[in-house]
Amino acid sequence: MGRIVDPIETALLAEVAQLARQADPCARVLERAVQHFRADSGTIHLLREDGLLHLAAASRGLPEFVLATVRTIPVGKGMAGLAVERARPVDACNLQTDTSGDVRPGARATGLQGAIVVPILRREAGGQERAVGAFGIANRAERTFSAAEQALLIEIARTLA
385 MGRIVDPIET ALLAEVAQLA RQADPCARVL ERAVQHFRAD SGTIHLLRED
435 GLLHLAAASR GLPEFVLATV RTIPVGKGMA GLAVERARPV DACNLQTDTS
485 GDVRPGARAT GLQGAIVVPI LRREAGGQER AVGAFGIANR AERTFSAAEQ
535 ALLIEIARTL A
């Protein structure tokens, strides 16, 4: 991944690293990322010993029926599960019209359109990276996330590893 050199992004990453050390880090980091990217919502899922992704944080305003659908996600299913399985970002310019097969009914039920989910990557001994969760944000309107935005979101997510 490219190194972040923009002073605003460097300051953001320092702020996020500090939030990640406070109580309820997932909710705090998610809120800051949603704000920075001017997104309308977001979720964080963490991989647990049962091999499933468990919802660790969600933006306010997500309907309960959506939260019930995404409370646990198998690795390899939906955008979050695929981001963890592939250890790379999964995105959709419009969740409602996407035909890639990556978008599941639960994501469509949000009514959101532009979305991205990046893996939460932990660096293991020997330098290997392993996905330990998924960090997603979305907008009500269509949106394509640039390579620079994806790289920054991956670095933000990494603070939770």
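The opening residue of the sequence shown carries number 385 in our numbering; numbering runs sequentially from there.
Ideal Cβ placement from N, Cα and C applies to all residues, glycine included.
- By the criterion of a C-beta distance shorter than 7 angstroms, leucine 496 is surrounded in its chain by Asp424, Ser425, Leu479, Ala522, Asn523 and Arg524, once the five residues flanking it on both sides are discounted.
- The beta carbon of isoleucine 538 sits closer than 8 angstroms to the beta carbons of Met385, Pro473, Val502, Pro503 and Leu505 from its chain, once the five residues preceding and following it are set aside; these are given in chain order.
- Per DSSP, the unbroken beta strand (DSSP E) holding proline 503 starts and ends at 499-507.
- With a cut-off of 8 angstroms on Cβ pairs, the segment 417-437 is in contact with the segment 511-518, counting three or more such pairs.
- DSSP places proline 489 in the uninterrupted alpha helix (DSSP H) bounded by 489-492.
- In this structure, Arg488 is the residue among Arg488, Pro447, Leu396 and Arg405 with its C-alpha nearest to the C-alpha of proline 458.
- DSSP places arginine 542 in the uninterrupted alpha helix (DSSP H) bounded by 531-542.
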